[in-house]
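With mature numbering (1 follows the signal peptide of the UniProt record, and there is no 0) applied, the sequence shown corresponds to residues -23 to -1, 1 to 376, in that order.
Down below is the structure, laid out as structure tokens.
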Amino acid sequence: MMAMTKVIRPLQVLALLLAQTRALSTIAKPLTTTSSLRAPGLLTTPVESLRSLIGEARTRSVWKALREGRDPCVQEETPELSRWTRETLTAAYGSGADARCADARTAEDGTTKLLVEFGDRDAVEAVLIPQLTRGKATSTLCVSSQVGCAMGCAFCATGKMGLIRSLTDDEIAAQLWLALRAARSVPDLPPLRSIVFMGMGDAGTNPKHAKAAAECFTDPDRFGFSRHRLTLSTVGPSPSAFLALAAAPGQLAWSVHAVDADLRKRLVPTAAWEPEALRDGLLDALRATRPMHSKERSVMLAVTLLAGVNDSLEHARALAEFVQPVRAETPRLIVDLIPYNPIDAADAFQRPSFDAVSAFQRELKAHAPGLFIGVRNARGDDEAAACGQLATNAQKRRR
């Protein structure tokens, strides 16, 4: 994954990008392969049900432990809970996502990639990304919503896997608990404040479970993250997909990549709708679910910049014109420019040059004044944890 810089400082952003090293490192206290939650059904159980089972005070203690990455069913981790409580929780919620962190790798910049296995079947990757947010050190968690992805984006490692299956809401939620647990072993990791559905898979093709997981993340009685710090991303498989995803709490992000239909079809081979039709679907979803001046009506449009493919000044001008209807109906529209991250030695695409990204950003700004434009700084690319680089050997694991 990658962390987005604040706004429009291309020289500083790309200087950081060019300064990335390729040294490998591992976390100070490697995670064991036994760090699974003993009562995984807890994560997506309504708080009301838990209260009726063990009472108000015990419920608060259980969720305090979960928010800290502790297991409420392990005596050594939660001595404040009674044996009766632990046994009751295990009996009631012992079934669910058998998720464990099988491996963790930390890149030179502090980005930590977690390999999350579900039983003996499949695996996904989640990424913890430290960054500066308004001058404060915080971390963002990038979660996966599917094993593989059906969208088949030509520049994405996950897309080359194809879709193995969608994750359930408790499997998505388990990634957050495992990340909170892992954070206790990562030295100097800033507090986790934001969550993005930008890992493996497309939340727009798994809206039911993405919505349930997002509700779990933002429920003040459960994980308690701000809904303004949660982003759900989709390539936009259809205009109606935006409406299904907009039912979830959080900001919507559309991976548009190109506004010319033929070029977008080349980059996203599964694209079956014109970009304008998808844009209208996005706007219809906002009108149906978000009040006009609500912060939740803010939108992010992501464009992966590929050298010589979609990074010209003409492409920037076309993008500026394309976003005008969205700007008119959102309090804040962010265009997220993502310089391409290579995925293998025989790559058909290349990362744009420093000058090309800077020129694209300036041209876009000139033709869309007032637009919030960010250039993502590659994070974790030395551990294949950057945007577009996530993939697992899922087929091998299923044998």
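The C-beta atom is built at its ideal place from N, Cα and C for all residues, glycine as well.
From which residue to which residue does the alpha helix (DSSP H) around H279 run? For the purposes of this step, residue 279 is taken as residue 302 along the sequence shown, with counting starting at 1. Checking the displayed sequence, the identity of residue 279 turns out to be Ala instead of His. If you look at A279, you'll find it isn't in any alpha helix (DSSP H); it sits in the beta strand (DSSP E) that goes V276 to L282.
Cα separation between A279 and M128? Indexing the sequence shown from 1 puts residue 279 at position 302. Indexing the sequence shown from 1 puts residue 128 at position 151. One C-alpha to the other measures close to 15 Å.
Would you decide whether P7 is buried or exposed? Buried here means 16 or more other CB atoms lie within 10 Å of its CB. Locating residue 7 in the sequence shown gives position 30, counting from the first residue. In this prediction, P7 has a pLDDT of 47, which is less than 50 and means its spatial position is unreliable; what the coordinates show is noted afterwards. Looking at its Cβ environment, which holds fewer than 16 other Cβ atoms inside 10 Å, P7 is exposed.
What three-state label does DSSP hand P327 in the structure shown? Residue mapping note: residue 327 aligns to position 350 of the sequence shown, counting from 1. According to the sequence displayed, residue 327 carries Gln and not Pro. If DSSP states are grouped into helix, strand and coil, Q327 belongs with coil.
Inter-residue CB distance, A191 and A225 (contact presumed, cutoff 8 Å): Residue 191 sits at position 214 when you count from the first residue of the sequence shown. Residue 225 sits at position 248 when you count from the first residue of the sequence shown. That belief holds up - the Cβ atoms of A191 and A225 are roughly 4 Å apart, short of 8 Å.
Which term fits Q301, buried or exposed, when burial requires 16 or more other beta carbons within 10 angstroms of its beta carbon? Counted from its first residue, the sequence shown places residue 301 at position 324. The C-beta of Q301 has fewer than 16 other C-beta atoms within 10 Å across all chains shown, which makes the residue exposed.
With C-beta atoms as the reference, is L140 less than 8 Å away from Q123? For the purposes of this step, residue 140 is taken as the residue at position 163 of the sequence shown. For the purposes of this step, residue 123 is taken as the residue at position 146 of the sequence shown. Their beta carbons are under 8 Å apart, which means L140 touches Q123 by this criterion.
For R304, which residues of its own chain have a beta-carbon under 6 Å away from its beta-carbon, when the five flanking residues on both sides are left out? Along the sequence shown, one-based indexing puts residue 304 at 327. Correct list, in chain order: L310.
Identify, in the order they occur along the chain, each residue of the same chain with its Cβ nearer than 7 Å to the Cβ of G136, setting aside the five sequence neighbours on each side. The residue you call residue 136 lines up with position 159 of the sequence shown. Short of 7 Å from the beta carbon of G136, and not among the five residues preceding or following it, lie these beta carbons of its own chain, in chain order: C126, M128, G129 and C130.
Just to confirm, is the Cβ distance from P51 to L105 under 8 Å? Your numbering for residue 51 matches position 74 in the sequence shown. Your numbering for residue 105 matches position 128 in the sequence shown. What sits at residue 51 in the sequence shown is Val, not Pro. No.
For G227 and R243, which I take to be in contact (beta-carbon distance under 8 Å), what is that distance rounded to the nearest angstrom? Counted from its first residue, the sequence shown places residue 227 at position 250. Counted from its first residue, the sequence shown places residue 243 at position 266. Actually they are not in contact, since the Cβ atoms of G227 and R243 sit about 30 Å apart, beyond 8 Å.
CA nearest to the CA of A295, picked from H234, A68 and L19: Mapped onto the sequence shown, residue 295 falls at position 318. Checking every option, the nearest Cα to that of A295 belongs to H234.
Check whether P308 and H270 have beta carbons under 8 Å apart: On the sequence shown, residue 308 is found 331 positions in, with the first residue counted as 1. On the sequence shown, residue 270 is found 293 positions in, with the first residue counted as 1. Going by C-beta atoms, P308 is nearer than 8 Å to H270.
Run through the segment 175 to 236 for me and flag every whole alpha helix (DSSP H) of 4 or more residues, listed as ranges in chain order. Whole alpha helix (DSSP H) segments, 4+ residues: 184 to 195 and 216 to 223.
Which residues share a DSSP beta bridge with V312? The sequence position of residue 312 within the sequence shown is 335, counting from 1. Residue pairing for V312: DSSP places it in a beta bridge opposite L278 and I350.
Under the assumption that L118 contacts L169 (Cβ atoms under 8 Å), give the Cβ distance between them as a whole number of angstroms. Here residue 118 refers to the residue found at position 141 of the sequence shown. Here residue 169 refers to the residue found at position 192 of the sequence shown. Confirmed, about 6 Å.
My understanding is that L66 touches A16, with C-beta atoms under 8 Å, so please give their C-beta distance in whole angstroms. Within the sequence shown, numbered from 1, the residue matching residue 66 stands at position 89. Within the sequence shown, numbered from 1, the residue matching residue 16 stands at position 39. Sure, about 5 Å apart at Cβ, within 8 Å.
What residue from D324, L19 and V212 has the CA that sits closest to Y70's CA? To locate residue 70, count along the sequence shown from 1; it is residue 93. Nearest C-alpha to Y70: L19.
Could you check which residue in I172, V101 and A221 has the C-alpha nearest to that of L144? Within the sequence shown, numbered from 1, the residue matching residue 144 stands at position 167. For L144, the nearest C-alpha among the options comes from V101.
Bridge-paired residues (DSSP) for L91: For the purposes of this step, residue 91 is taken as the residue at position 114 of the sequence shown. Bridge partners of L91 according to DSSP: A81 and A103.
With the cut-off set at 8 Å, would you say V236 and F337 are in Cβ contact? For the purposes of this step, residue 236 is taken as residue 259 along the sequence shown, with counting starting at 1. For the purposes of this step, residue 337 is taken as residue 360 along the sequence shown, with counting starting at 1. Cβ distance not < 8 Å, so V236 and F337 don't count as in contact.
Any idea if D313 is buried or exposed, counting beta-carbon neighbours within 10 angstroms, 16 or more meaning buried? Position 336 of the sequence shown, counted from the start, is the residue given in the question as residue 313. Buried is the label assigned to D313, since at least 16 other Cβ atoms lie within 10 Å of its Cβ.
What are the boundary residues of the beta strand (DSSP E) that includes Q123? In the sequence shown, residue 123 corresponds to position 146, counting from 1. Here the beta strand (DSSP E) through Q123 covers Q123 to G125.
Kindly indicate the opening and closing residues of the beta strand (DSSP E) around T21. Reading the sequence shown from its first residue, position 44 is the one you call residue 21. No beta strand (DSSP E) holds T21; DSSP gives it neither H nor E.
So R199 and V24 are in contact, right, with Cβ under 8 Å, and what is the actual spacing, rounded? Here residue 199 corresponds to residue number 222 of the sequence shown, with the count starting at 1. Here residue 24 corresponds to residue number 47 of the sequence shown, with the count starting at 1. At roughly 6 Å, the Cβ-Cβ gap stays under 8 Å, so R199 and V24 are in contact.
Beta-carbon proximity list for F202, same chain, < 7 Å, skipping 5 on both sides: Within the sequence shown, residue 202 is the residue found at index 225, counting from 1. Here the set comprises I172, F194 and T195.
Identify whether Q301 lies in helix, strand or coil by the three-state DSSP scheme. The sequence position of residue 301 within the sequence shown is 324, counting from 1. In the three-state reduction of the DSSP assignment, Q301 falls in the helix class.
Residue burial classification, W61 (beta-carbon count within 10 angstroms, cutoff 16): Here residue 61 corresponds to residue number 84 of the sequence shown, with the count starting at 1. By the 10 Å Cβ count, W61 comes out exposed.
Residues near W250 in its chain [Cβ-Cβ closer than 7 Å; skip 5 each side]: Mapped onto the sequence shown, residue 250 falls at position 273. Contacts found: S215 and P216.
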